[in-house]
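Student: Quick one: the structure is below, questions incoming.
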Amino acid sequence: MRPAVRSFELGELIDLLGGELVGERSQRIVQVAPLDQAGPEHLSFLGSDAYRAQLDRSRAGAVVVPAQLEISARTAIRAENPYAYFVRAACLLNPEPAAVPGVHPLACVHPQAKVAASAEVGPFVNIEAGASIGSRTRIGPNSFIGAHASIGDDCNLHRNIAVYAHCVIGARAVINAGAVIGADGFGGAFDEGRWLKMPHIGRVVIGDDVEIGANTTIDRGAMADTVIADGVKLDNQIQIGHNVTIGRNTTVAGCAGIAGSARIGANCVISGAAMITGHLSLADGVIISVGTVVTRSIDKPGRYSGFYPLSEHRAWLRGALSVRRLGEANAPGARRTDTKEDDDNANR
Amino acid sequence: MRPAVRSFELGELIDLLGGELVGERSQRIVQVAPLDQAGPEHLSFLGSDAYRAQLDRSRAGAVVVPAQLEISARTAIRAENPYAYFVRAACLLNPEPAAVPGVHPLACVHPQAKVAASAEVGPFVNIEAGASIGSRTRIGPNSFIGAHASIGDDCNLHRNIAVYAHCVIGARAVINAGAVIGADGFGGAFDEGRWLKMPHIGRVVIGDDVEIGANTTIDRGAMADTVIADGVKLDNQIQIGHNVTIGRNTTVAGCAGIAGSARIGANCVISGAAMITGHLSLADGVIISVGTVVTRSIDKPGRYSGFYPLSEHRAWLRGALSVRRLGEANAPGARRTDTKEDDDNANR
Amino acid sequence: MRPAVRSFELGELIDLLGGELVGERSQRIVQVAPLDQAGPEHLSFLGSDAYRAQLDRSRAGAVVVPAQLEISARTAIRAENPYAYFVRAACLLNPEPAAVPGVHPLACVHPQAKVAASAEVGPFVNIEAGASIGSRTRIGPNSFIGAHASIGDDCNLHRNIAVYAHCVIGARAVINAGAVIGADGFGGAFDEGRWLKMPHIGRVVIGDDVEIGANTTIDRGAMADTVIADGVKLDNQIQIGHNVTIGRNTTVAGCAGIAGSARIGANCVISGAAMITGHLSLADGVIISVGTVVTRSIDKPGRYSGFYPLSEHRAWLRGALSVRRLGEANAPGARRTDTKEDDDNANR
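Residue numbers (this note's numbering), protein chains in the order written: chain L, 1 to 348; chain V, 349 to 696; chain Z, 697 to 1044.
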């Protein structure tokens, strides 16, 4: 565990974050911990009654609980949204390091780039002509900010981030290692036996308070911009194609892909490894389950799914054979297939 | 939008690219744009009659249209392949920057590496002994070219590209940030309770005119080479296993994976998130749909699919239960399952 | 093919690795090769009788074969585990380069970092305060080792590896380009219309003899550690969420994902593009097939599958329609759907 940067008395937390204290203001909290691992120096939380038994056994010094919860013989903070309260307390105990103003001597910053005096630029960073870096923003080692790209205030680009030319990133972005923002999208014209690459003149335009996970890629638009709205959270290893738009506060989990020109609404949840094909629209508030392929537009909020259910392998094999025959039966020239080969290859 | 690098009169385009002009040679075009966003200074295109209504409403200064199209009262260029023509015009307006010859003082180039005098090597690049870099090729910042690797003429390695030792890349490659070419492949021998790593002595050999997307990985061969033929286009976040071969002009979309020793034909289309298992063959001209798992060889061109259809979640759940029972029914020791747990977990 | 670093007489191999020699001790071997490509100077191997015909045609100078195999008129080494023997021989012929001790003048190593005198630190590497690098360990160009992170002895971090602060990596790790270890995990609290980011105070703790593929990402724990046990092998482009634990000698193939807080047993095999959802457990010895979504815990070893079988597209379309109707039939407010749209979009 990383040690906390500072500690608090419960009374200080109440003064800063609100909530109703049950117990002593002077009790000191040095870190957060889950109920089953917390000791007397830790703050923990109870998200729902389902964990009530864990609460009873916990050695936590204090626990954030729902506002209406009956508790006794325990130091607690009652809050409307216990998890959010707990996260805020964790942030107070473990603040992000502030930018250390200045440009590292082993960074290459073009004389026509604008870097705020309060920004931090690490070693082996390359910032091209016309780029701008906002106040208190940190550009981690080995990163690249292309010509005329713009990074807002209070951003944290961890390390080895690529922001291609002309892309725009708003305030308070958190971008993890290996993310690539603004590479050309995929596709071109086939002519005379070869593919011609379409030059991409659009940008990636990212709003405020966006998080981007490690090794996630967001392609620039071909002739319009790829747009990520305020508050969007993208996990690791996600692919966002050219000209995609994603609405406010939508979250996308790891390994998901959104193909070119898809329009995703606000407050959507795209689960891990889901794949949204191109040129379709998802309404606000759509939830896509894990591993689901979306091949049609969805105009009503709600949860949508489409992945094959898990079975023991032999049972899957029989079921998959039946499913395949559903399609092959009655078809012109239908032939029976067997799944012997699938069986041989399925876990290669 | 990025501004174009230069502008053209329509007559100049006709002289360079052919096509039949309907209108004035002197009309000036400063950039390309889609029909619905184009203004009088833009060139747009009509790919098919389906967009005829958009054409009628468009303010585009000129439009590339199919050769046989009836048009009136509009400046146009008739071309056999309007989209290819349009892409060529876009390339003339927005040429890739040329290499600025020279090695950056903060690059490490081994004295026994051969870098063409016309090549550009950016800062924080490491080029090892025996590597060679072709004429007019650009090696972007923070890239790595391993010992005895060879990069052809007129390539553009954007930034943070890893080309491991002994790999070969042909002419005119475009490689986006974070691509890794030539890491060892996966697998080994299990012996005495642990995995032994097989040293990989094969290479990755890439032909001419290949594009490789951001964060795509191509493993070197174990005892033979991994081979990517001329004109192949790979999107972002693709994994190509050791000893794979991919034929000419095949395209692979984002998040797809091709496992070790698979042989993919020419002119195939592998859609996004498709997964090809190892040691099988796909004929020329095979199209694999999005999210499809391929576990058997395919010896005839055509389109193949295999992903679960999307439904509202409750409907999916009922269907998935039925599908699972197809496999479990009549099986020795069959037991009924329910999908309660799946329901709980499907969008975690 | 890369040339071998050294050559051996068969007698030397027998002395080093054991096995029973059939033929002359003095025969010289300069490299390994598969049966169908080997010449008289190569060592090859026969893994199973299925390749017996290949053996008979092979020009290999010597072949490692199963201990009980009848052979005649051929130089061979009989071994209990021929493939493991062959891999060991390949390692002797092609040893990994040893560390060249020292810190490159263009690396940034904090004065409070501890780098073993026998370790190699490449150019453009950044090592922060309190980090430690073990004996004979190689830290390749453009890598990053965060504050208080610890890397064991005899590791090979190829290049552009990110190890975030406080993470721990054991001995003999092999980590390929672009891997990111210890970025914050995904998720937070939603409150007052926006997502609050949970600070991640856990670490990633990796045992001995672990391999990590190119562009694979492993998130640090939120309030506990993410733990990868000894001998685990991870392929390329894998995503491991926060608080995951993976048991000894488990292998995970390319493009797989393991969501937060999943607990994977020892000696499991997770095939390519499989997706394990969060907060569930897999027993030791579980095998998950390619492309399978796991949404429930599995408490018995064995093989489990769940992916849609491949068909020609028209057959798939009919089958998928039937499968969808299985879920929609008899449902309140059931409506018939068609798959026209899927058909249009499935290979975009």
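Glycine residues also receive a C-beta, built at the ideal position from the N, C-alpha and C atoms.
(1) For a test of the three-state rule: what should DSSP assign to Arg336 of chain L, helix, strand or coil?
(2) Within 8 Å (strictly less), CB to CB, does Asp49 of chain L reach chain V?
(3) Residues of chain V with a CB under 7 Å from the CB of Cys964 of chain Z: which are they?
(4) Can you pull the chain V neighbours of Ile201 of chain L, defined as C-beta to C-beta under 8 Å?
(5) Taking 8 Å as the cut-off, does the segment 263-275 of chain L touch the segment 576-589 of chain V (at least 3 CB pairs, one atom from each stretch)?
(6) With burial defined as no fewer than 16 other Cβ atoms inside 10 Å of the residue's Cβ, what is the status of Arg568 of chain V: buried or exposed?
(7) What residues of chain L sit near Gln385 of chain V, judged by a beta carbon separation below 9 Å?
(8) Identify the contact partners of Tyr308 of chain L in chain C, using a Cβ-Cβ distance below 8 Å as the criterion.
(9) On the three-state DSSP scale, how would you describe Arg159 of chain L?
(10) My output table needs one value for Ile586 of chain V: the three-state DSSP class, helix, strand or coil.
(11) Work out the CA separation of Met275 of chain L and Val294 of chain L for me, nearest whole Å.
(12) Indicate whether Ser135 of chain L and Ala116 of chain L have their beta-carbon atoms separated by less than 8 Å.
(13) Given that Thr217 of chain L touches chain V, what residues does it touch there, using C-beta distances under 7 Å?
(14) Is there a Cβ from chain Z that is less than 8 Å from the Cβ of Asp630 of chain V?
(15) Using the rule of at least 16 other Cβ atoms within 10 Å of the residue's Cβ for burial, across every protein chain shown, is Gly836 of chain Z buried or exposed?
(16) In whole angstroms, what is the alpha-carbon distance linking Pro819 of chain Z and Val125 of chain L?
(17) Answer yes or no: does any C-beta atom of chain V fall closer than 8 Å to that of Arg138 of chain L?
(18) Counting along the chain, where does the beta strand (DSSP E) carrying Ser740 of chain Z start and finish?
(19) Using the Cβ count rule (16 or more neighbours within 10 Å means buried), how would you classify Val701 of chain Z?
(20) With 8 Å as the threshold, decide whether the Cβ of Ala262 of chain L is near any Cβ in chain V.
(21) Looking only at its chain, what residues have a beta carbon closer than 6 Å to the beta carbon of Cys515 of chain V, apart from the 5 residues adjacent to it on each side?
(22) If you check the beta carbons only, do Ala572 of chain V and Gln808 of chain Z fall under 8 Å apart?
(23) Between the C-alpha atoms of Ile382 of chain L and Leu403 of chain V, what's the straight-line distance to the nearest angstrom?
(24) Using 8 Å as the threshold, is the segment 418-434 of chain V in touch with the segment 443-455 of chain V, meaning 3 or more CB pairs across them?
(25) What separation, rounded to the nearest whole angstrom, lies between the Cα atoms of Ser289 of chain L and Thr251 of chain L?
(26) Using only alpha-carbon positions, find the residue among Z:Leu765, Z:Ser754, Z:Gly1015 that is nearest to Ser716 of chain Z.
(27) Grouping DSSP H, G and I as helix and E and B as strand, with all else coil, what is Ser828 of chain Z?
(28) I think Ser406 of chain V touches Leu383 of chain V, with their Cβ atoms under 8 Å apart; what is that distance to the nearest whole Å?
(29) In chain order, what residues of the same chain have a beta carbon less than 6 Å from the beta carbon of Gly11 of chain L, not counting five sequence neighbours either side?
(30) Among the candidates L:Glu328, L:Trp316, L:Leu16, whose CA atom is the shortest distance from the CA of Leu1017 of chain Z?
(31) In the DSSP assignment, the alpha helix (DSSP H) including Phe434 of chain V goes from what residue to what residue?
(32) From which residue to which residue does the beta strand (DSSP E) around Ile877 of chain Z run?
(33) Do you know how far the Cα of Thr564 of chain V is from the Cα of Glu1037 of chain Z?
(34) Is the Cβ-Cβ distance between Thr75 of chain L and Leu658 of chain V less than 8 Å?
(35) Out of L:Ala50, L:Asn249, L:Cys155, L:Gly213, state which residue places its alpha-carbon closest to the alpha-carbon of Ala256 of chain L.
(36) Apply the 10 Å Cβ neighbour rule to Ser392 of chain V and answer buried if 16 or more other Cβ atoms are within range, or exposed otherwise.
Tutor: This is what the structure gives:
(1) If you number the first sequence from 1, residue 336 of chain L lands on position 336. Low local confidence applies: a pLDDT of 47 at Arg336 of chain L is under 50, so the model's placement there is unreliable, with the coordinate-based value given in what follows. Arg336 of chain L: coil per DSSP, three-state reduction.
(2) If you number the first sequence from 1, residue 49 of chain L lands on position 49. By this cut-off, Asp49 of chain L is not an interface position.
(3) If you number the third sequence from 1, residue 964 of chain Z lands on position 268. Those do not exist, as Cys964 of chain Z stays about 13 Å from chain V at its closest Cβ, beyond 7 Å.
(4) As a first step, residue 201 of chain L must be located in the first sequence, where it is residue number 201. Those within 8 Å of Ile201 of chain L in chain V are Met349, Arg350, Ala352, Gln379, Val380, Ala438, Asn442.
(5) no
(6) Residue numbering aside, residue 568 of chain V sits at position 220 when the second sequence is read from its first letter. With 16 or more Cβ atoms within 10 Å of its Cβ, Arg568 of chain V is classed as buried.
(7) What you label residue 385 of chain V is simply residue 37 of the second sequence in a count that begins at 1. The answer, in chain order, is Met223, Ala224.
(8) In summary, chain C is missing from the structure at hand, where the protein chains are L, V and Z.
(9) Your numbering for residue 159 of chain L matches position 159 in the first sequence. Reduced to three states, the DSSP call for Arg159 of chain L is coil.
(10) Indexing the second sequence from 1 puts residue 586 of chain V at position 238. Looking at Ile586 of chain V - three-state DSSP - the assignment turns out to be coil, as it is neither helix nor strand.
(11) Here residue 294 of chain L refers to the residue found at position 294 of the first sequence. Here residue 275 of chain L refers to the residue found at position 275 of the first sequence. Cα-Cα distance, rounded: 6 Å.
(12) What you label residue 135 of chain L is simply residue 135 of the first sequence in a count that begins at 1. What you label residue 116 of chain L is simply residue 116 of the first sequence in a count that begins at 1. Yes, Cβ-Cβ distance for Ser135 of chain L and Ala116 of chain L is below 8 Å.
(13) By one-based count along the first sequence, residue 217 of chain L stands at place 217. Residues of chain V passing the Cβ test: Ala562, Asn563, Asn584, Gln585.
(14) Position 282 of the second sequence, counted from the first residue, corresponds to residue 630 of chain V. Sequence inspection shows Leu at residue 630 of chain V; the Asp mentioned does not correspond to that position. By this cut-off, Leu630 of chain V is not an interface position.
(15) Translated into positions along the third sequence, residue 836 of chain Z becomes position 140. Classification for Gly836 of chain Z: buried.
(16) One-based indexing of the third sequence puts residue 819 of chain Z at position 123. One-based indexing of the first sequence puts residue 125 of chain L at position 125. Computed Cα separation, rounded: 13 Å.
(17) Along the first sequence, one-based indexing puts residue 138 of chain L at 138. Taking Cβ atoms only, chain V never reaches closer than 8 Å to Arg138 of chain L, which makes this a no.
(18) In the third sequence, counting from the first residue as 1, residue 740 of chain Z sits at position 44. Where Ser740 of chain Z is concerned, the enclosing beta strand (DSSP E) stretches over 738-741.
(19) Within the third sequence, residue 701 of chain Z is the residue found at index 5, counting from 1. Per the 10 Å Cβ criterion, exposed.
(20) The residue you call residue 262 of chain L lines up with position 262 of the first sequence. Chain V, which has no Cβ nearer than 8 Å to the Cβ of Ala262 of chain L, makes this no.
(21) Here residue 515 of chain V refers to the residue found at position 167 when the second sequence is read from its first residue. Closer than 6 Å at Cβ, skipping near neighbours: Ala497, Ile529, Gly530, Arg551, Val552.
(22) By 1-based counting over the second sequence, the position of residue 572 of chain V is 224. By 1-based counting over the third sequence, the position of residue 808 of chain Z is 112. Note that the C-beta distance between Ala572 of chain V and Gln808 of chain Z is not below 8 Å.
(23) Here chain L comprises residues numbered 1 to 348, so residue 382 of chain L is not present and cannot be evaluated.
(24) no
(25) By 1-based counting over the first sequence, the position of residue 289 of chain L is 289. By 1-based counting over the first sequence, the position of residue 251 of chain L is 251. Distance between the alpha carbons of Ser289 of chain L and Thr251 of chain L: 12 Å.
(26) Taking the third sequence and counting its residues from 1, the one referred to as residue 716 of chain Z is at position 20. According to the sequence shown, residue 716 of chain Z is Glu rather than Ser. Of the candidates Z:Leu765, Z:Ser754, Z:Gly1015, the one whose C-alpha sits nearest the C-alpha of Glu716 of chain Z is Z:Leu765.
(27) Taking the first residue of the third sequence as 1, we reach residue 828 of chain Z at position 132. Correct three-state label for Ser828 of chain Z: strand.
(28) Taking the second sequence and counting its residues from 1, the one referred to as residue 406 of chain V is at position 58. Taking the second sequence and counting its residues from 1, the one referred to as residue 383 of chain V is at position 35. Sure, about 4 Å apart at Cβ, within 8 Å.
(29) The count along the first sequence starts at 1 and reaches residue 11 of chain L at position 11. Closer than 6 Å at the Cβ level, and outside the excluded window around Gly11 of chain L, lie Arg25.
(30) For the purposes of this step, residue 1017 of chain Z is taken as the residue at position 321 of the third sequence. When only C-alpha atoms are compared, the closest one is L:Glu328.
(31) Residue mapping note: residue 434 of chain V aligns to position 86 of the second sequence, counting from 1. Its alpha helix (DSSP H) spans residues 430-441.
(32) To locate residue 877 of chain Z, count along the third sequence from 1; it is residue 181. 876-879 is the span of the beta strand (DSSP E), which, as asked, contains Ile877 of chain Z.
(33) Looking up residue 1037 of chain Z in the third sequence gives position 341. Looking up residue 564 of chain V in the second sequence gives position 216. Any reading at Glu1037 of chain Z needs caution, since the residue's pLDDT is 47, under 50, leaving its predicted position unreliable; the model's value is listed next. Distance between the alpha carbons of Glu1037 of chain Z and Thr564 of chain V: 30 Å.
(34) Counting from one through the first sequence, the residue named residue 75 of chain L turns up at place 75. Counting from one through the second sequence, the residue named residue 658 of chain V turns up at place 310. No, the Cβ-Cβ distance between Thr75 of chain L and Leu658 of chain V is not below 8 Å.
(35) Position 256 of the first sequence, counting from 1, holds the residue named residue 256 of chain L. The shortest C-alpha separation from Ala256 of chain L is found at L:Gly213.
(36) Counting from one through the second sequence, the residue named residue 392 of chain V turns up at place 44. Label assigned to Ser392 of chain V: buried.
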